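Heads up: the protein sequence lines correspond to chains A and B, in order. Using this note's numbering, the first residue of the first sequence is number 1, and each one after it goes up by one. Using this note's numbering, the first residue of the second sequence is number 139, and each one after it goes up by one. The beta-carbon is built from N, C-alpha and C at its ideal position, and this holds for glycine as well. Source: prediction; values computed, not measured.
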Amino acid sequence: MIRSFGYLLAGIFFGFALSRSGASDYNFIHYMFTGENFKLALLMATAIVIGVIGMMILKALGNKDVHGRDIKINRKPLNKYTVIGGILFGIGWAVSGACPGTVLAQIGEGKVLGLVTFLGMLFGTYIYALMAENKPLL
Amino acid sequence: MRVVSFLFVDLWPWWLGGIAIGILIPLMYYFLNTALGVSTGYGNFLKIIAPATKLKWLNSDTYKNRFNWRFIFIIGIIIGAFLSARTSGMPILTSEMGLFTEELSWSHVSYVIWFFAGGVLLGFGARLANGCTSGHSIHGIATLQKSSLVATIFFLAFGTITTFLIKLFVLGGS
């Protein structure tokens, strides 16, 4: 129960931060890609640097979580699908002006077209589920 | 008063957004022993829509409990953005989407098709690549993973190429 509340809190914090910093704004993403405004790229770079420092601190403290268990980093595989998926994702990012996180922020902000993007994402995930059925390697 | 409007009304400067989002990675690992990530949670919603699905992938361990943390986290993001919209005075509902709806006067159907198509590419692409901007670009690079760097390079490269094509052929070079 407390854990669930923790996740809810983390989500609220994330959604609030995305929305307050303009990450869920179509123009911000568009202007980052055209090179007219790098605010969003700077935001992402800052987040990465802060994340690296934070993970270094956790490591220096023994790599344990609050309950004293080892922290397990979620490792992602690198294969040709990383590239193919990355390309499709990049195109989708530019087309919709959103990503799977910021589209949720758009929904919270009442952007109806964000909800449309979200439904598209569900459908895209469903296509993947169908394909994974026949190709277990996917 | 100034602090209140800085945090709740004005748009945050990039460094504040960066710090807030970046710090979430170690905090989630420390308090919840969980990797920050969003896109896997879209499978939860499919399972909620179709609980009796026979698809193997949706019956994997990841989706055993469709109301697990990923679902709660996603609901949290929506609530957080809703709160941000309220404190900064955004409209409750809007059909606008930045430049795209300002400069074009498409029919509703065309907009729906365009954004739905973008979503399909995002949803499918994120699953193929095993992550999205949160899981790969922020969490993955911050935890020094090669696959995340590769994915992010392709996200950005093809986002840039596509944006230039959109500028040229859709927004009419404006």
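{"query": "Alpha-carbon spacing of asparagine 79 of chain A relative to isoleucine 2 of chain A, whole angstroms", "result": "37 Å"}
{"query": "Minimum Cβ-Cβ distance from methionine 44 of chain A to chain E less than 8 Å", "result": "Of the protein chains in this structure, namely A and B, none is chain E."}
{"query": "Chain-ordered residues of the stretch 244-259 of chain B with a beta carbon less than 8 Å from chain A", "result": "Tyr249, Val250, Trp252, Phe253, Phe254, Ala255, Gly256, Gly257, Val258 and Leu259"}
{"query": "Distance between beta carbons of glutamate 36 of chain A and leucine 193 of chain B, contact taken as under 8 Å", "result": "Not really, about 43 Å apart at Cβ, beyond 8 Å."}
{"query": "Short CB-CB distance (under 8 Å) between methionine 55 of chain A and chain B", "result": "yes"}
{"query": "Cα-Cα separation between threonine 46 of chain A and alanine 190 of chain B, rounded to whole angstroms", "result": "43 Å"}
{"query": "Cβ neighbours of serine 19 of chain A in the same chain (closer than 8 Å, five flanking residues each side left out)", "result": "Ala105, Gly108 and Glu109"}
{"query": "Buried/exposed call for serine 198 of chain B, threshold 16 Cβ in 10 Å", "result": "exposed"}
{"query": "Inter-residue spacing [alpha-carbon to alpha-carbon] between glycine 214 of chain B and leucine 119 of chain A", "result": "18 Å"}
{"query": "Any chain A beta carbon closer than 8 Å to leucine 266 of chain B", "result": "yes"}
{"query": "Touching by the beta-carbon criterion (3+ pairs, under 8 Å), the stretch 199-206 of chain B and the stretch 84-104 of chain A", "result": "no"}
{"query": "Reference phenylalanine 220 of chain B; option with closest CA among A:Phe5, A:Tyr7, A:Ser4 and A:Phe14", "result": "A:Phe14"}
{"query": "For isoleucine 212 of chain B and leucine 122 of chain A, the rounded distance between their alpha carbons", "result": "13 Å"}
{"query": "Closest by C-alpha distance to phenylalanine 205 of chain B, when choosing among B:Leu306, B:Ser222 and B:Tyr180", "result": "B:Tyr180"}
{"query": "For valine 103 of chain A and phenylalanine 269 of chain B, the rounded distance between their alpha carbons", "result": "Here residue 269 of chain B turns out to be glycine, not phenylalanine, going by the sequence shown. If I take the Cα positions, the gap works out to 15 Å."}
{"query": "Given 8 Å, three or more beta-carbon pairs between the stretch 64-77 of chain A and the stretch 229-243 of chain B", "result": "no"}
{"query": "Cα-Cα separation between histidine 30 of chain A and methionine 44 of chain A, rounded to whole angstroms", "result": "15 Å"}
{"query": "DSSP beta-bridge partners of lysine 64 of chain A", "result": "A:Asp70"}
{"query": "Rounded Cβ spacing between threonine 301 of chain B and phenylalanine 33 of chain A (contact assumed at less than 8 Å)", "result": "4 Å"}
{"query": "Interface residues of the stretch 213-232 of chain B facing chain A [CB-CB below 7 Å]", "result": "Ile213, Gly214, Ile215, Ile216, Ile217, Gly218, Ala219, Phe220, Leu221, Ser222, Ala223, Met228, Pro229, Ile230, Leu231 and Thr232"}
{"query": "Three CB pairs or more closer than 8 Å across the stretch 248-263 of chain B and the stretch 54-65 of chain A", "result": "no"}
{"query": "Residue span of the alpha helix (DSSP H) that contains methionine 131 of chain A, given as start and end", "result": "112-134"}
{"query": "Collapsed DSSP secondary structure at methionine 228 of chain B in the structure displayed", "result": "coil"}
{"query": "Endpoints, the alpha helix (DSSP H) within which proline 164 of chain B is located", "result": "152-170"}
{"query": "Runs of alpha helix (DSSP H) lying entirely within the stretch 188-274 of chain B, each at least 4 residues, in chain order", "result": "207-225, 236-241 and 246-267"}
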